[in-house]
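Please read the structure below before turning to the comments.
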Amino acid sequence: MSASFFCGTYTAKLDEKNRFVLPQELRYGLVEDGKLEFTIALSMGGCLAIYKKKDIDEIVAKFRAKQHIAKFQKFFTLFFSTLMPTTCDKVGRVSIPNVLKQGVGIKSEIVLAGALNKIELWPKERYEEDLQKFLSGNSETSLSQMMEEAFSLLTEDAPQDNLENVIDRLQTVQL
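Here it is as structure tokens:
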């Protein structure tokens with residue numbers, strides 16, 4: 003885990019009170035101004051996400067400015083009603099509220115996956131199934147295609163480069 007982003011994969015078991023131990027490496031990355039405060043929320047793709055306090059504060063500020071747009075009202079209700087500000091206890095345990103646990107189908111084990119500015123919490127079975135599909139090429143998009151598209155985001159002129167490559171290929175085919 004880097005100080006500037008979350009990465010890596012960890013597994014954890016839930017106890018009878020729906021608590022899991024947040025690995026120390028991830029806990030350190032959540033500390034801001036000497037405090038360990040964060041928010042658990044529903045996320046995309048069927049998982050939960052843990053956000054740093056400052057990141058969720060930024061999201062809230064941006065959404066607040068758009069709160070009167072009708073097409074987002076249902077999303078805002080669902081998103082904000084399931085945000086759960088929390089922290090760890092003395093031994094690093096985090097409690098997952100029942101509504102969130104049931105919402106993504108977590109049973110007894112989870113996978114914690116570092117994902118840039120957040121930590122994703124996946125039902126272990128779902129994460130392993132998705133990972134296997136992805137690595138075996140049985141997912142909707144191949145690993146190489148996703149990597150190519152993601153890495154193309156790293157250059158500001160990527161869309162233009164892609165267009166030039168397409169034009170070059172078309173010209174070659176016409177010859």
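Count along the sequence shown from 1, add 2, and you get the number used in our numbering.
All residues carry an ideal CB built from backbone N, CA and C; glycine is no exception.
Cβ pair T88, L44 closer than 9 Å: Pairing T88 with L44 gives a Cβ-Cβ distance that is not under 9 Å.
Cβ atoms of G105 and R128: under 9 Å apart, would you say? no
Would you report the Cα separation of C49 and L123, rounded to the nearest angstrom? 6 Å
How long is the line joining the alpha carbons of A117 and G36, rounded to whole angstroms? 23 Å
Going by DSSP, which residues form a beta bridge with G116? I121
Decide yes or no for the touch test of the region 20-39 against the region 93-101: beta carbon pairs closer than 8 Å, at least 3 of them. yes
Are T41 and L114 closer than 9 Å when you measure CB to CB? no
Mind checking whether I121 and I52 have CB atoms under 9 Å apart? yes
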